[in-house]
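Colleague: So for the sequence shown, this note's numbering puts the first residue at 2; every next one is plus one.
All C-beta atoms, glycine included, are put in the ideal place defined by N, C-alpha and C.
Keep in mind it's a predicted model, so treat the numbers as computed, not measured.
Can you keep this structure in mind? I'll have questions shortly.
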Amino acid sequence: MPVSFLSNDQCENYGRYAGPPSPHDLARYFHLDDTDHALIAQKRGAHNRFGFAVQLGTVRYLGTFLEKPLDVPQRVLWALAKQLGIEAPDKASAYSAGEQRWQHATEIRASYGYVEFTEPLIAFRLTRWLDALCWTGPDQPSVLFQRATT
């Protein structure tokens, strides 16, 4: 896919944290409600509960899962640890080494309805939406990319 229309910042920051989320973003994307807590409570071990919560917040915030699930700003780790009653989020490094992270990503997709945009029906809808925006508005390609990925 040609990406020459993207700024360097857009290329570098796609699918990763560009910095710590604002307090508003923490409240919006990383707040765990009762449904979240019920699903998280089913996980064995504090590191699995914590890792699941981090992945859930990350996919809400970034729209994608990270290769290294705990490679997130400290502000995120501490906000989720506080909600889960975990004293030291740095002890959750065992989560990154395990295979649970892949199963958790699959479970989050199934439970919350997240899908890959490469799935045929989703790709078709995304393409139609972007096509309509191209024909009806003056937005530059970089703006359309930003709208499609946020």
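(1) Indicate whether Phe31 and Ala82 have their beta-carbon atoms separated by less than 7 angstroms.
(2) Pro22: which of Arg61, Thr119 and Ala98 sits nearest, CA to CA?
(3) Should the stretch 128-143 be regarded as contacting the stretch 100-108, the criterion being three or more beta carbon pairs within less than 8 angstroms?
(4) Who are the near neighbours of His48 in its chain, counting only those whose CB is closer than 6 angstroms to its CB and skipping five residues on each side?
(5) Could you give the DSSP three-state label for Met2: helix, strand or coil?
(6) I'd like to check one pair, Arg50 with Leu27: are the Cβ atoms closer than 7 angstroms?
(7) Alpha carbon to alpha carbon, how far is Trp136 from Tyr18? Give it in angstroms, no decimals.
(8) Count the other CB atoms, across all protein chains shown, that sit within 10 Å of the CB of Ile109; report buried if there are 16 or more and exposed otherwise.
(9) Between the alpha carbons of Ile123 and Val116, how many angstroms are there, rounded?
(10) Could you name the residues of the same chain whose beta carbon sits closer than 7 angstroms to that of Ala54, not counting the 5 residues immediately before and after it, in chain order?
(11) Grouping DSSP H, G and I as helix and E and B as strand, with all else coil, what is His32?
(12) Out of Gly138, Tyr113, Asn9 and Leu127, state which residue places its alpha-carbon closest to the alpha-carbon of Leu57.
Modeller: By the coordinates alone:
(1) Against a cut-off of 7 angstroms, the Cβ pair of Ala82 and Phe31 comes out as no contact.
(2) Checking every option, the nearest Cα to that of Pro22 belongs to Arg61.
(3) Cβ pair count under 8 angstroms is below three, so no.
(4) The answer, listed in chain order, is Ala93, Ala95 and Tyr96.
(5) With a pLDDT of only 48 at Met2, under the threshold of 50, the placement of this residue in the model should not be trusted, and no figure is reported.
(6) No; because the gap between Cβ atoms is not below 7 angstroms, this pair is not in contact.
(7) Rounded to whole angstroms, Tyr18 to Trp136 spans 32 angstroms at the Cα level.
(8) Classification of Ile109: buried, given that the 10 Å Cβ count is 16 or more.
(9) Answer to the nearest angstrom: the Cα atoms are 8 angstroms apart.
(10) Cβ within range, chain order: Leu33, Ile41, Leu81 and Leu85.
(11) His32: coil per DSSP, three-state reduction.
(12) Nearest of Gly138, Tyr113, Asn9 and Leu127 to Leu57, Cα basis: Tyr113.
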